[in-house]
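Structure record follows, encoded as C-alpha cells.
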Amino acid sequence: MERGTVLSRRCLVISPLLVSAIESAGLNINTVTSRVLAALAEDVHGEDLTSKATIKENQISTARFTTRKNGVVAGTLVAAAVLEECGISQYEILKKDGSEVNAGDVLITCSGDTRAILLAERTALNFLSHLSGIATLTHTWVTSIAETSAKIRDTRKTTPGLRELEKYAVRMGGG
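Letter by letter, the sequence shown follows residues 3 to 177 in the working numbering.
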C-alpha cells in the first residue's frame, strides 16, 4: 500500500501508547477509531490527488497545530489518531485536553512525509476545532455559574456519530 493511501484498511491500527492514552482519558478506543476512519474516508476518499500531483514523493515536513483564539482544548488524542492513521508517527501533544490555551499556542507538532501530513491535516483540525469549541463554550458556562450550586451537564442532543466525543469535550470544559 502506498504511504498516504491508508483508507482501504477496515480497522485503524494505532500505537499501544496512544491506545492507552485514549482509554485513560475515558474514551472508547473503538469509537475513536471508527470516527477517525469515517472522517478520513469522507474527506479524502482514499487519497489526496492534489498533494500527489504537486508534492514530491518522500518530501519531509514539520507542521504545527496552533490555536486562533483563547479557549479550552479538546480532541488532541483524536487528532493524534488521525496522524497515526495517515502514517505520521513523529508527533508531540504539547497541550493536554482540558487545558486553557491562548491564541497562538501550539497544540501539536508533527514531522513526516509531507503528503501524509496534508492528508491528515484537515480531518485532525476538524476534530480539534469542533471538540475544542464545545469544551470552550462549556468552560464559559461553568465559569459563569461558579458562584451558584448549578452544574453544567451534557444531553443526548448530540451530533449523530459524535456523541461520545462531544460528551468528552463537555467534560474537558468542566461540565
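Glycine residues also receive a C-beta, built at the ideal position from the N, C-alpha and C atoms. It should be emphasised that the depicted structure is a prediction, and the values quoted were computed from it without experimental measurement.
- Nearest C-alpha to residue 164 among 117, 38, 19: 38.
- Annotated as distal: residue 80 and residue 138, with beta-carbon spacing of 7 Å or more.
- Annotation: residue 128 to residue 151 spans about 34 Å, alpha carbon to alpha carbon.
- In this structure residue 66 does not touch residue 103 by the C-beta definition: roughly 13 Å separates them, more than the 8 Å allowed.
- Under the 10 Å beta carbon count, residue 53 is surrounded by 16 or more other beta carbons and is classified as buried.
- For residue 75, the secondary structure class from DSSP, reduced to helix, strand or coil, is coil.
- Residue 92 is bridged by DSSP to 113.
- With a contact defined as Cβ atoms closer than 8 Å, residue 90 and residue 122 qualify at about 6 Å.
- When the alpha-carbon of residue 44 is set against those of 148, 135, 155, 125, the nearest one is in 125.
- As a beta-bridge residue in DSSP terms, residue 102 pairs with 74.
- Just so you know, the alpha carbons of residue 29 and residue 17 end up roughly 16 Å apart.
- With contacts defined by Cβ atoms closer than 7 Å, residue 134 and residue 82 do not form a contacting pair.
- Contact between residue 144 and residue 175 holds, since their C-beta atoms are separated by about 7 Å, short of 8 Å.
- A straight line joining the alpha-carbon of residue 57 with that of residue 35 spans about 28 Å.
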